[in-house]
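K.L.:
Counting from 1, position 147 in the sequence shown corresponds to residue 146 in numbering that gives the first Met the number 0; the numbering is continuous, with no gaps.
Structure incoming, see below.
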Amino acid sequence: MAGKKNKKLEHFDNDVPKIIVSETSGRGESYYRLKDNIIYSSDSGKNKVFQFESAISGEGKSTVVSNTAVALALSGKKVVIVDLDFRRPKIHRIFSVQNVQGIAEYMLGEYEIKDIIKKTEYGVDVVNRGKATQNASIIFTSDKFKELIEELKKQYDLVLFDCPPVLLVSDYIHYSKLSDVVVFVACMGVTRRSQLREAVELMKKHNDNFLGTVVTYKNTGKFSSRYGGYYNNRYYKYLKSQYSEEVND
Ligand SMILES: Nc1ncnc2c1ncn2[C@@H]1O[C@H](COP(=O)(O)OP(=O)(O)OP(=O)(O)O)[C@@H](O)[C@H]1O
Ligand SMILES: [Mg+2]
């Protein structure tokens, strides 16, 4: 998979994704559209847990989930992000909190749920991984983890999972059972058609309730405020047919 094309992503990986959504800037209108669709699809609380997935690394999942969470919070929603990317956690860096006292420590009984929830300056709460652990799949299949997610669903309007890439990490097989809706992120001009198709097929086996696809564009060098578009399911199908035709050929 380490083909030349993926080199495009390396340039971005070192930057800490930025929160561009704010009350005053009016930037990130795509995130407001996405949050409207999430609120709409949450169907007055029936769907509370949304997992943000992509085929490969660096497509913009953590950026999209973080900015969307801020847009939801600015709309008065009680939102928590749970960082389930245990190999490359990034949410703590985006929200400038410490990656300590997290899920790993909670699983060891060192802290209770209330102790691992962190407040941020954006009105979004976060739950981090905490210390590094090799037991991600054991954690995600445990009753204790299930209890954590059930408790968060009681305390929050929306629980957003920031996830690792589907084609690189198979943890989605476990935590998808605790999620209601998939938001799929695809980076235009970077993800290969075959990668997207394979990832979507794999994902559907564990959660086929797709809200839609967020298309991220990455322009060279300058941090882009135009985070591409967001479309609902109908467009997702259109995108999929489009995607398979045009990109990466
Ligand atoms: N639309 C965009 N324009 C410019 N840079 C972007 C855009 N989206 C994301 N980035 C940058 O690309 C890098 C990767 O983004 P991000 O961490 O959100 O991807 P990811 O899908 O979560 O990656 P991973 O699979 O490694 O967790 C970051 O440095 C981020 O700042
Ligand atoms: Mg990420």
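Idealized CB from N, CA, C, for every residue including glycine.
Answer yes if the stretch 26-41 comes into contact with the stretch 60-67, meaning at least three C-beta pairs across the two stretches below 8 Å, and no otherwise.
P.N.:
Touching, per the Cβ criterion.
K.L.:
Below 8 Å on the Cβ atoms is my guess for residue 93 versus residue 15; work out the distance and round it to an integer in Å.
P.N.:
Confirmed, Cβ separation roughly 6 Å.
K.L.:
Quick one: is residue 58 buried, meaning 16 or more other Cβ sit within 10 Å of its Cβ, or exposed?
P.N.:
Residue 58 comes out buried.
K.L.:
Measure the C-alpha to C-alpha separation of residue 178 and residue 42 and round it to an integer number of angstroms.
P.N.:
Cα to Cα, residue 178 sits roughly 15 Å from residue 42.
K.L.:
Is it true that the CB of residue 181 sits closer than 8 Å to the CB of residue 215?
P.N.:
No; because the gap between Cβ atoms is not below 8 Å, this pair is not in contact.
K.L.:
Just checking, does the stretch 82-89 make contact with the stretch 104-121 on the three C-beta pairs under 8 Å criterion?
P.N.:
Result no; under three Cβ-Cβ pairs closer than 8 Å.
K.L.:
Beta-carbon within less than 8 Å of residue 141's beta-carbon, same chain only, minus the 5 sequence neighbours each way: which residues are those?
P.N.:
Hits under 8 Å: 106.
K.L.:
Does residue 174 pass the burial test, meaning 16 or more other C-beta atoms within 10 Å, or should it be called exposed?
P.N.:
Under this definition residue 174 is a buried residue.
K.L.:
Evaluate residue 211 with the Cβ neighbour count: other Cβ atoms within 10 Å of its Cβ, from every protein chain shown; 16 or more gives buried, anything less gives exposed.
P.N.:
Counting Cβ neighbours within 10 Å, residue 211 comes out buried, since at least 16 surround it.
K.L.:
Tell whether a beta-carbon distance below 8 Å holds between residue 155 and residue 205.
P.N.:
The answer is no: Cβ separation not under 8 Å.
K.L.:
Ends of the alpha helix (DSSP H) at residue 53?
P.N.:
First-last for residue 53: 48-53, but that is the beta strand (DSSP E), not the alpha helix (DSSP H).
K.L.:
At what residue ranges does the stretch 121-151 contain a whole run of the beta strand (DSSP E), taking only runs of 3 or more?
P.N.:
Qualifying beta strand (DSSP E) stretches, in chain order: 124-126.
K.L.:
Do you know how far the Cα of residue 48 is from the Cα of residue 149?
P.N.:
The alpha-carbon atoms of residue 149 and residue 48 are separated by roughly 10 Å.
K.L.:
Ignore the nearest five residues each way along the sequence and tell me which others in residue 187's own chain have a CB closer than 6 Å to its CB.
P.N.:
Closer than 6 Å at the Cβ level, and outside the excluded window around residue 187, lie 214, 216.
K.L.:
Along the beta strand (DSSP E) that carries residue 80, what are the first and last residues, could you check?
P.N.:
Note, residue 80: beta strand (DSSP E), 78-82.
K.L.:
Return helix, strand or coil for residue 157, following the three-state DSSP convention.
P.N.:
Strand at residue 157.
K.L.:
According to DSSP, what are the bridge partners of residue 116?
P.N.:
Answer is 126.
K.L.:
Taking the beta strand (DSSP E) that residue 180 belongs to, which residues open and close that run?
P.N.:
Per DSSP, residue 180 belongs to the beta strand (DSSP E) from 180-186.
K.L.:
Measuring alpha carbon to alpha carbon, tell me which residue in 103, 201, 36, 63 is nearest residue 168.
P.N.:
Measuring from the Cα of residue 168, the nearest candidate turns out to be 201.
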